[in-house]
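In what follows, a single structure is set out as structure tokens and then discussed.
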Amino acid sequence: MLLIGGGKGDALTGLQNLTILAAAPFTLVMVGLCVALTRDLRQDPLIIRGRIGKEAIETAVIAGHEKYDGDFELRIGPVACNDGTEDAQSQSQESSQPTQSPSSAAR
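39 is the number that the UniProt record's numbering gives to position 39 of the sequence shown; each next residue is one higher, with no gaps.
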């Protein structure tokens, strides 16, 4: 059958052509999966957050350089919420640190 389909009379060439034809649908599926992965990663919250963070830092550095002529530093830390308290993450870190009660400090 491979000899008839190949036309050249070489069985190996016919087998190679058959392998390529059988693999063609799988390559289309793989290309489709790559496109789907790319589209999904563009909408991923972690990727978007990183992109926005990079833009925010870049903007802050440019503004700091223009305002203070390069003599500034960026600090990253907890910020106060709208109600005047710190955010929950910094509060949980503070509560995990050991503190002394007034009675144990007097001893």
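Where is the CB? At the ideal position from N, CA and C, for every residue including glycine.
* Asked: Is the distance from the Cβ of E60 to the Cβ of L37 below 8 Å?
  -> Correcting the residue type first, residue 60 is Ala in the shown sequence and not Glu. No, they are not a contact pair.
* Are any of the Cβ atoms in chain B nearer than 8 Å to that of A60? -> Looking for chain B here will not work: only one protein chain is present.
* Asked: Expressed to the nearest angstrom, what Euclidean distance is found between the alpha-carbon atoms of N17 and D40?
  -> 35 Å
* Asked: How far does the alpha helix (DSSP H) with I76 in it reach, from first residue to last?
  -> Segment: none, I76 is in no alpha helix (DSSP H) and carries neither H nor E.
* Separation of R51 from G14, as counted between CA atoms -> 51 Å
* Could you give the DSSP three-state label for G50: helix, strand or coil? => helix
* Where does N17 fall in DSSP's three states? -> helix
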